[in-house]
Each structure stands twice: as C-alpha cells, then as structure tokens.
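Residue 75 in my numbering sits at position 75 of the sequence shown, with consecutive numbering throughout. Think of the CB as a built atom: it goes at the ideal place given N, C-alpha and C, for glycine as much as any other residue. The next block holds one structure in the form of structure tokens; read it before the comments.
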Amino acid sequence: MYILPSFDHLKDLNIADPEAFEVLRNELINDYIETTATQRKQRLIGLQFQINSRRELSTNPMHSCIALSKMMHETFWDMRCSLETISEMSAEGFFSTSPAPFSKPIAEKASAEILELKQLS
C-alpha cells in the first residue's frame, strides 16, 4: 500500500517551505509512477509532463488549478463520447455475433482513358 503524508502536513510544508514541498511532490509522483506496470508507465510519465507544463505556463496557482481542471474535464468528455459511440454501435448491431448479410457484387466499372503526359522543356 502506498502511504501519503496527510493533507495538513502537505499544506503546512507548502506554507513554510514551498521549495521543499515541490521537491516532495515530485518525489511522491515519481515514486508512484515507478510502482506502476510497464505498459502504463510511459503514459503516466507523459501525462505528468503535460501537467507540469500547464503548471509552469500558469500565471498563478488559481490559473493552474483551472487549467488542470479543464484538462481533466476534456479527457473525461472524450472518454464519455467514446463510450457513447461504442454504445450506439452496439445498439445498432455492429457487434452482433450473427454473420453479416451478403451484398450484391459491385458492377464492373468502365476503365478510364489514360492520357500521356508530356514533359515541358
């Protein structure tokens, strides 16, 4: 089990020594990422890079919080849309186990005339 410091401890540390808080925050995040399965590790490293980038671009802590919240909601919305699409496809029978009906063969199309291209000098 992964044990984190209490919220009050983190809050007090951030007030007393913001640099030490950032060091601890980075250590805790990196330690957690190291405990994850290999196939998830790269995704988490990339996600943490995006989070750190948004924090660095923010003008103040509130702006950072809003930017990260927006990022989280966008990801949630994308996931919701994907689930809706899968649900609609399933309801329409795209995932049915019955064989697809045969369609009539497409009529053979007439061939096109091939034009000779001349190189300009």
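Indicate the three-state DSSP secondary structure (helix, strand or coil) for residue 114 in the structure shown. The count along the sequence shown starts at 1 and reaches residue 114 at position 114. Three-state result, residue 114: coil.
Once DSSP output is grouped into helix, strand and coil, what is the label at residue 50? As a first step, residue 50 must be located in the sequence shown, where it is residue number 50. Of the three classes helix, strand and coil, the one that applies to residue 50 here is helix, per DSSP.
Could you give the DSSP three-state label for residue 120: helix, strand or coil? Position 120 of the sequence shown, counted from the start, is the residue given in the question as residue 120. Looking at residue 120 - three-state DSSP - the assignment turns out to be coil, as it is neither helix nor strand.
Measure the C-alpha to C-alpha separation of residue 24 and residue 37 and round it to an integer number of angstroms. On the sequence shown, residue 24 is found 24 positions in, with the first residue counted as 1. On the sequence shown, residue 37 is found 37 positions in, with the first residue counted as 1. The C-alpha of residue 37 is placed about 22 Å away from the C-alpha of residue 24.
Per-residue DSSP class, three states only, for residue 87: Within the sequence shown, residue 87 is the residue found at index 87, counting from 1. In this structure, residue 87 counts as helix in the three-state DSSP scheme.
Given residue 122 as reference, the closest of 14, 47, 21 and 20 once Cα atoms are compared: Outside the displayed range of the chain (1 to 121) lies residue 122, so it cannot be described from this structure.
For residue 61, which of helix, strand or coil comes out of DSSP? Against the sequence shown, residue 61 aligns to sequence position 61. Reduced to three states, the DSSP call for residue 61 is helix.
Quick check on residue 15: does DSSP put it in helix, strand or coil? Sequence index remark: in the sequence shown, residue 15 carries index 15 (1-based). Assigned with DSSP and collapsed to three states, residue 15 falls in helix.
At the level of alpha carbons, what is the spacing between residue 27 and residue 62? Locating residue 27 in the sequence shown gives position 27, where the first residue counts as 1. Locating residue 62 in the sequence shown gives position 62, where the first residue counts as 1. Going from the Cα of residue 27 to the Cα of residue 62 covers about 23 Å.
Which of the three DSSP states, helix, strand or coil, is assigned to residue 69? Reading the sequence shown from its first residue, position 69 is the one you call residue 69. In this structure, residue 69 counts as helix in the three-state DSSP scheme.
DSSP three-state assignment for residue 37, whether helix, strand or coil: The residue you call residue 37 lines up with position 37 of the sequence shown. Residue 37: coil per DSSP, three-state reduction.
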